[in-house]
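Peer 1: Protein chains in written order, with this note's numbering: chain A, 24 to 542; chain B, 24 to 150. The C-beta atom is built at its ideal place from N, Cα and C for all residues, glycine as well.
(1) Can you list, in chain order, the residues of its chain whose CB lies under 7 Å from that of residue 129/B, leaving out five sequence neighbours each side?
(2) Any chance the region 201-214 of chain A sits against the region 282-296 of chain A, with 3 or more Cβ pairs inside 8 Å?
(3) Check the Cβ of residue 52/A against every Cβ in chain B and list those closer than 9 Å, keeping chain order.
(4) Using CA coordinates, which residue listed in 83/A, 150/A, 432/A is at the minimum distance from residue 122/A?
(5) For residue 500/A versus residue 471/A, is the C-beta spacing smaller than 7 Å?
(6) Whose Cβ in chain B lies nearer than 7 Å to the Cβ of residue 389/A?
(7) Grouping DSSP H, G and I as helix and E and B as strand, with all else coil, what is residue 107/B?
(8) Check each candidate in 198/A, 197/A, 192/A, 238/A and name the one with the smallest Cα separation from residue 113/A.
(9) Going by beta carbon distance, what residues of the same chain come within less than 7 Å of residue 144/B, once the five residues before and after it are set aside?
(10) Based on DSSP bridge pairs, tell me the residues matched to residue 427/A.
(11) Are residue 375/A and residue 350/A closer than 7 Å when you measure CB to CB?
(12) CB residue 74/A to CB residue 200/A, shorter than 7 Å?
(13) Using 7 Å as the threshold, is the C-beta distance between residue 530/A and residue 111/A below it?
(14) Identify every run of the beta strand (DSSP E) within the region 112-169 of chain A, keeping only runs that are complete inside it and at least 3 residues long; order them along the chain.
(15) Using a Cβ-Cβ cut-off of 7 Å, state whether residue 456/A counts as contacting chain B.
(16) May I ask you to verify whether the region 514-523 of chain A touches the region 451-459 of chain A, counting CB pairs closer than 8 Å and requiring at least 3?
(17) CB-CB under 6 Å to residue 290/A, same chain, minus the five flanking residues each way: which ones, in chain order?
(18) When Cβ atoms are compared, which residues of the region 75-90 of chain B fall closer than 7 Å to chain A?
(19) Given a cut-off of 7 Å on the beta-carbon distance, is the pair residue 381/A and residue 420/A in contact?
(20) Please determine, among 84/B, 81/B, 100/B, 138/B, the residue with the shortest C-alpha to C-alpha distance to residue 66/B.
(21) Cβ closer than 7 Å: which chain B residues qualify as neighbours of residue 320/A?
(22) One question on the structure: do residue 168/A and residue 145/A come within less than 7 Å of each other, judged by their Cβ atoms?
(23) According to DSSP, simplified to helix, strand and coil, what is residue 24/B?
(24) Apart from the five residues just before and just after residue 341/A, which ones in its own chain have a Cβ nearer than 7 Å to its Cβ?
(25) Under a three-way DSSP split, which group does residue 31/A fall into?
(26) Give me the Cα-Cα distance between residue 55/A and residue 259/A, rounded to the nearest whole angstrom.
Set out below in C-alpha cells:
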C-alpha cells in the first residue's frame, strides 16, 4: 500500500497507515487507508463525538421537535447559529436549543429529577409542540440516568406527547459516525411503524440522508414534487417527526448521504422490503441521471426529462462561465464524510478543477473507496487528519482552495489558502442545478478574492506600495482566457437571487394538485 | 501460424482488458451501487445490476416487475445508455462479445470492491 507518512507525524507511527497517495497503476486493492478507528492518542483530531453525530447531524434537523440534551450545557455548543439546516417552519429547531445543564452535584446525586423538570419546562411555553427528542451525553450515561423511564413518565403525564430517546453518549464510537449509526437504528427500532402513512400520490419516496443545509432538501423536494412524487418523509433535514414515524409506507428510499443514513435504508429494505436507490444531488450530470432513475422507477421518465431540460437550459451557461475560469485550479477536498465522493468527480468533470487531495474526518473505509475511485491519479487521501498534517499537506500540494469545515478552514486562512465551508456552505444551497452554479460562484469568489492581494503583503517589511492599483476578480480570472471566451454572449455569471429557496415554498405542483382534486 | 494466433490472442486480450478498464472506470466515477457497505450486499448489487446491464446490451428484456428489480433495472439502464453514448464501439459488438466483455467487467468490479478490497468492514455481520 502506497502509504504517505507525514514529517509531523513520525512520532505517531500508527498514523502512517491513515494516508495514501493514489499513484500510477494504483487501484482500490492497493491504495486504501485505514478508517473508522479510534483516534490515536497524541493526534489532535478534527472529529466530533458520537453524541454530536447523533444529535447535531441527524436528530436536530427535524423541524417540529424540541431537541433536548441531557448533560452539561457545553455539549450543546454546535447548535444555535453554528448549524445551517434550515426549515420551513421558521427554523424552530435552530432557534430553540435545550440542555438540562447538568452540574457536579447532579453527577453525585443523579440527574433524572433535573431531566424531568427540564422536559416539562421545555413543553410548557409551546403547547402546540408535542414531540421531543432527548439525547444521552457522556456524563449522564456514566452515572446511569434512565432517560427512557423518565420519558415514559412524562408521556403519561402529558397526553398526546411523544418522545424519542437517543442513547448515544460521546464515547459510544470512534467519531460522530458512531452516533449516526446509533440514531439510525434507534429510530427504526423505536419509531418507524408507529404512525399510519398518509399516502397522497401513486409515487411515494422517503428522501434519506439529506439535512437541508441552506435549503438543499427544499430544492430537491421541489424537483420530486414537480414530477408528482410524494416525499413521505425526509430523514431528517426539514423533516417532520411524525412523517418519519411512517417511513414504512414508501415505495422507494432515495438515499443521498450513505455515510450517515445507509443503516436505516438497509433496515427498511430488510424489514419492510423497500428498495434503496443511492443518488447524487450534486452536479448536473449526476443529478440529472438521479432524477431520471427515480422517474424510471415509477414509469414517469418524461417528467424527469422535462425538468432536466428546463434546468440545464437555464443554468448550464452560467456553470460554463465559471468552468472556463476554474479549469486547472487545484483543490483539496477535505469534508467530513460523504462529500469527498459526492464532489470528487463532479467538480473535476463539470468545473474543471483538479482534486489533489481528499480527506475525511470521520468516514469509513467505504467512503474512502468511493472518494479514491472518483479522484484522479496522484491524489493524497487522508483519514482522520490532524491540524499539523493538514498544514503539511497544504505546504506540499499548494492548492488554490480547500473545501472543509470552519475550524480547519480558519487554519488554512492563516497560511493564506482560501477555503470554502464544505459542511454548512458559504452561499448555498449547493444541491440542484442552480445550487451547483452557486457552488461554482463561491469557488470562483474564494480563489480570485482581491483580499489575497493585501493578505500577501508583509507589513513588517516596510511601507505598503500604494502605486499598484487594485486588481479585480475578473481582471485576474480573465487575463489568460481566449478572446472568444471573454466576450462570449452564451456564457454568463450567476444571475439567480440572493435567496433561492424561500420562493419554492409557494410553488404549485400540477401533478400533485391533480391527484388531490381526484381524491 | 502458431505465433500469429498467439499474437492475435494477446491483442484480443489487451483489447478486452482496455475496454474493461474503461467500463469499470465509468462505474467507479459515476455510480454508487457497487459500494454498499457489506460484502453480501456488494455481491448482490454487482450480480444483479451488471447482469441486467449485460442482458440489456444484448438486446434481451429483463424482468423488472418487483420494486427491488426495478431499482436494479434503473441503474442498469443508466449504464447501458452511458456506455452506448460514451463508448460507441459498444454498439458494434456482437452478443458473444458483449457477454465476454460484461463478464470481464463483473470480474474486475468484484475484484475491486469485494475479493481484493482492503475494506475491513465488509465482513461485519451487522449493518
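Peer 2: According to the structure shown:
(1) 69, 73
(2) yes
(3) 134, 135, 138, 139, 140, 141
(4) 83/A
(5) yes
(6) 58, 60, 142, 144
(7) helix
(8) 238/A
(9) 60
(10) 444/A
(11) yes
(12) no
(13) no
(14) 154-159
(15) no
(16) yes
(17) 211
(18) 90
(19) no
(20) 138/B
(21) 93, 94, 97
(22) no
(23) Only weak support exists for where residue 24/B lies, its pLDDT of 46 falling under 50; the coordinates are left without a value.
(24) 460, 515, 516, 517, 518
(25) helix
(26) 31 Å
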